[in-house]
Amino acid sequence: MQENKFKISLFLGGGQSGKSLFAENCAKKWHHVVYYATGGLVEKSPEWEFRIQNHRARRPEHWKTIEHPVPLEEVVKYCEEQKTEVLLVDCLTLWMGWQMALNIQNYSPFQLLKHLENETQHFINQLKILSCPVLVVSNEVGEGVIPGSESGRIFREALGNMNLAVGSLAQCITFSIAGQHLLLKNMSQNFINGFCPMGIVDENFIFTELNKDPLVGENNVNK
Amino acid sequence: MQENKFKISLFLGGGQSGKSLFAENCAKKWHHVVYYATGGLVEKSPEWEFRIQNHRARRPEHWKTIEHPVPLEEVVKYCEEQKTEVLLVDCLTLWMGWQMALNIQNYSPFQLLKHLENETQHFINQLKILSCPVLVVSNEVGEGVIPGSESGRIFREALGNMNLAVGSLAQCITFSIAGQHLLLKNMSQNFINGFCPMGIVDENFIFTELNKDPLVGENNVNK
Amino acid sequence: MQENKFKISLFLGGGQSGKSLFAENCAKKWHHVVYYATGGLVEKSPEWEFRIQNHRARRPEHWKTIEHPVPLEEVVKYCEEQKTEVLLVDCLTLWMGWQMALNIQNYSPFQLLKHLENETQHFINQLKILSCPVLVVSNEVGEGVIPGSESGRIFREALGNMNLAVGSLAQCITFSIAGQHLLLKNMSQNFINGFCPMGIVDENFIFTELNKDPLVGENNVNK
């Protein structure tokens with residue numbers, strides 16, 4: 001059983017904050033990388049294609065890319081079989097967008113929130129099975145005015161709750177702003193009188209943190 | 224006169240950032256807690272009820288809850304009479320939503336902004352009367368695209384200005400992201416060459432800060 | 447050639463975060479200040495007039511104000527001729543708003559994004575010509591839910607990319623929240639084991655950083 005050894009680094013940030021590029025630079029510290037693109041064809045527009053192509057062009061050719069709609073279960077199975085060194089999931093935002101699109105017709109708003117909560121828990125349970133570290137990219141979407149549309153409000157709440165849930169398990173959380181990466185949580189952090197100094201980190205920091213033995217830091221994991 | 228002894232801690236963050244839970248955990252460090260719920264019945268929807276119920280379930284039973292539309296004046300009077308140890312106001316966002324809803328028909332946009340500014344000043348003056356510390360929860364709503372609707376823009380501006388005004392008086396400001404709480408201001412902070420180190424804090428830090436004598440740190444209060 | 451000596455400080459933040467006031471307080475550390483107001487008359491509304499008047503009232507009278515639609519080229523020429531000590535550009539958000547307004551009818555969404563990218567590069571090239579430091583104010587607009595409108599999405603992406611581009615060249619980046627100014631990048635920062643401590647800064651810090659010889663710190667500039 002590897003369940004209590006899972007290692008997660010959560011790469012949060014707004015749009016165009018540099019969070020995906022940072023997660024990719026972290027993943028390049030390993031060799032056998034699986035890139036799970038949750039976007040697939042969520043939206044057919046020139047702006048979308050342009051962004052996807054830019055993302056693709058900067059990924060090393062030796063990475064194995066698996067795209068939505070392949071479910072996370074199969075990705076995890078593949079990683080375990082292939083002795084993958086690191087899994088990069090980019091991103092929870094688009095994954096949640098798919099869950100919304102697939103289910104919004106079938107449920108009342110209240111039921112939809114509950115359903116998304118269950119899907120989130122299922123997703124996280126899969127991540128916990130992995131023997132290799134996982135780098136998870138997600139958007140901060142809760143710092144603007146509350147959306148006028150009900151679907152916008154549900155999305156904001158469901159993704160925010162997913163970020164909280166993944167963050168509570170993660171060894172590392174960073175928050176990217178304008179290409180700078182603010183550390184919010186790490187395994188070896190030490191609170192003195194309720195205070196723990198923080199700062200800006202680079203890919204070497206994340207790589208080193210995820211290579212530490214998580215069992216040594218388990219108090220922090222459960223904190 | 225207690226006016227220059229008021230102690231405020233401002234708990235800022237986006238939606239689902241963990242700011243309310245953090246403020247509650249801070250409040251639990253005291254015993255006689257008054258919880259001022261500004262939301263009341265701002266909106267009748269299943270998603271709203273679900274969120275309210277979750278919030279209620281995690282509050283200790285011995286806390287005294289006072290809900291909107293009871294005005295802050297009466298809450299402050301109650302706290303003074305009952306020797307309350309800490310007042311938790313959750314949240315300015317919903318309070319401002321009420322001020323908007325009550326006044327949007329009566330004023331032009333320009334007048335509405337001025338009116339909200341006056342109401343904000345009145346609210347803050349009430350907080351200054353309190354002998355006990357006050358924990359104030361509010362949303363960051365200004366980091367998305369400017370809303371298309373005029374009411375959205377006015378709300379964003381009025382709440383942003385209220386956060387600035389409360390923050391300028393506060394001994395402590397934290398900004399929550401994904402369950403982590405970044406310290407932005409504290410009473411005993413010390414700038415060296417224009418720089419003051421910051422970090423992540425927990426409830427012990429906030430409790431300790433608010434139990435310090437504010438008069439010692441009054442230069443910071445007025446800064 | 448002064449091209450590799452340019453000094454930029456980027457003042458990021460949400461609406462009503464205190465970023466403009468902070469940039470102005472930094473600019474007051476110099477005497478010969480040119481203030482480039484990119485807003486002009488982007489929108490004729492009482493709320494807008496009110497905000498513009500508040501901004502104007504707090505600027506020293508001896509500052510030279512140049513307003514949109516004067517293009518940056520002429521502002522830069524003026525600064526060079528007049529031995530200006532610092533240029534304050536407030537803000538990229540409104541500048542981008544103008545670029546959108548002028549071009550949205552002429553281009554497809556894909557072309558518009560490319561056009562805005564070119565305009566951004568042209569703008570940055572102008573800043574690089576300056577002999578004096580430049581303080582650049584911009585909004586974080588990417589931390590809310592993705593806008594429903596295509597123009598909102600393009601604006602969010604184009605401004606986010608501009609913030610990334612300016613930030614990658616900047617000696618200093620700060621992010622303002624509720625009147626507090628979090629340092630995200632500075633010229634003399636030093637990563638140890640991938641970590642660089644960060645904190646809150648004031649105007650003295652920014653002034654001192656921008657008066658350092660940038661050539662000494664050029665490795666950081668290109669990082």
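Protein chains in written order, with this note's numbering: chain C, 1 to 223; chain G, 224 to 446; chain R, 447 to 669. All residues carry an ideal CB built from backbone N, CA and C; glycine is no exception.
query, result
"Could you name the residues of the stretch 386-397 of chain G whose beta carbon sits closer than 7 Å to any beta carbon of chain R, in the order they occur along the chain?", "386, 387, 390, 391, 396"
"Short of 9 Å Cβ to Cβ, which residues in the stretch 638-653 of chain R face chain G?", "643, 644, 645, 646, 647, 648, 649, 650, 651, 652, 653"
"Identify each residue in the stretch 369-385 of chain G for which the Cβ-Cβ distance to at least one residue of chain C is less than 8 Å, and report them in chain order.", "370, 372, 375, 378, 379"
"With contact counted as at least three CB pairs below 8 Å, one residue from each stretch, are the stretch 550-559 of chain R and the stretch 572-590 of chain R in contact?", "no"
"Give a yes or no on whether the C-beta atoms belonging to residue 86(C) and residue 141(C) are separated by under 9 Å.", "no"
"Reducing DSSP to helix, strand and coil, say where residue 260(G) ends up.", "strand"
"Counting Cβ pairs closer than 8 Å, one from the stretch 395-411 of chain G and one from the stretch 365-377 of chain G, do we hit at least three?", "no"
"How would you write the range of the alpha helix (DSSP H) that residue 391(G) sits in, first residue to last?", "373-392"
"Assign residue 465(R) to one of two classes, buried (16 or more other C-beta atoms within 10 Å of its C-beta) or exposed (fewer than that).", "buried"
"Given residue 190(C), which residues of its chain have a CB within under 8 Å of its CB, disregarding the five upstream and five downstream residues?", "196"
"Measuring CB atoms only, is the stretch 598-615 of chain R touching the stretch 470-478 of chain R, in the sense that at least three cross pairs come out at less than 8 Å?", "no"
"So residue 18(C) contacts chain R; which residues on that side make the cut at Cβ distance below 7 Å?", "610"
"Going by DSSP, name the residue or residues bridged to residue 536(R).", "483(R), 583(R)"
"Measuring only the C-alpha atoms, how far is residue 507(R) from residue 461(R)?", "25 Å"
"Pull the bridge partners of residue 519(R) from the DSSP assignment, please.", "Looking at the DSSP assignment, residue 519(R) forms no beta bridge with any residue, so it has no partner."
"From the beta carbon of residue 184(C), is the nearest beta carbon of chain G less than 9 Å away?", "yes"
"What residues are listed by DSSP as bridge partners for residue 513(R)?", "483(R)"
"Can you tell me which of the three DSSP states residue 52(C) falls into?", "helix"
"Which first and last residues belong to the alpha helix (DSSP H) in which residue 468(R) is found?", "465-473"
"Could you check whether residue 166(C) and residue 8(C) sit closer than 9 Å to each other, using their CB atoms as the reference points?", "yes"
"DSSP three-state label for residue 419(G), please.", "strand"
"Any beta carbon from chain C within less than 9 Å of residue 444(G)'s own beta carbon?", "Confidence in residue 444(G) is poor, its pLDDT being 38 and thus under 50, which makes the residue's placement too unreliable to answer from."
"For residue 430(G) and residue 343(G), what's the separation of their Cα atoms in angstroms?", "26 Å"
"Quick one: Cα of residue 358(G) to Cα of residue 233(G), how far?", "6 Å"
"Exposed or buried, what is residue 276(G) when buried is set at 16 or more other beta-carbons lying within 10 Å of its beta-carbon?", "exposed"
"Rounded to the nearest angstrom, how far is the Cβ of residue 199(C) from that of residue 424(G), given a contact under 8 Å?", "That belief does not hold up - the Cβ atoms of residue 199(C) and residue 424(G) are roughly 15 Å apart, past 8 Å."
"Going along chain D in order, which residues have a C-beta closer than 8 Å to the C-beta of residue 119(C)?", "In the structure shown, chain D does not exist; the protein chains are C, G and R."
"Spatial neighbours of residue 89(C) within its chain, please: CB distance less than 6 Å, with the 5 preceding and 5 following residues excluded, ordered by chain position.", "36, 136"
"Any residues in the stretch 571-590 of chain R with a beta carbon nearer than 7 Å to a beta carbon of chain G? Which ones, in chain order?", "586, 587, 589, 590"
"Under 9 Å, do residue 158(C) and residue 100(C) count as touching if we go by C-beta distance?", "yes"
"Kindly indicate which three-state DSSP category residue 619(R) falls into: helix, strand or coil?", "strand"
"Tell me where the beta strand (DSSP E) around residue 454(R) begins and ends.", "454-459"
"Nearest chain G C-beta to residue 102(C) closer than 9 Å, yes or no?", "no"
"Please work out which residues of its chain come closer than 6 Å, Cβ to Cβ, to residue 298(G), disregarding the five sequence neighbours upstream and downstream, and give them in chain order.", "259, 289"
"Counting only Cβ pairs nearer than 7 Å, list the residues of chain G close to residue 625(R).", "387, 390, 391"
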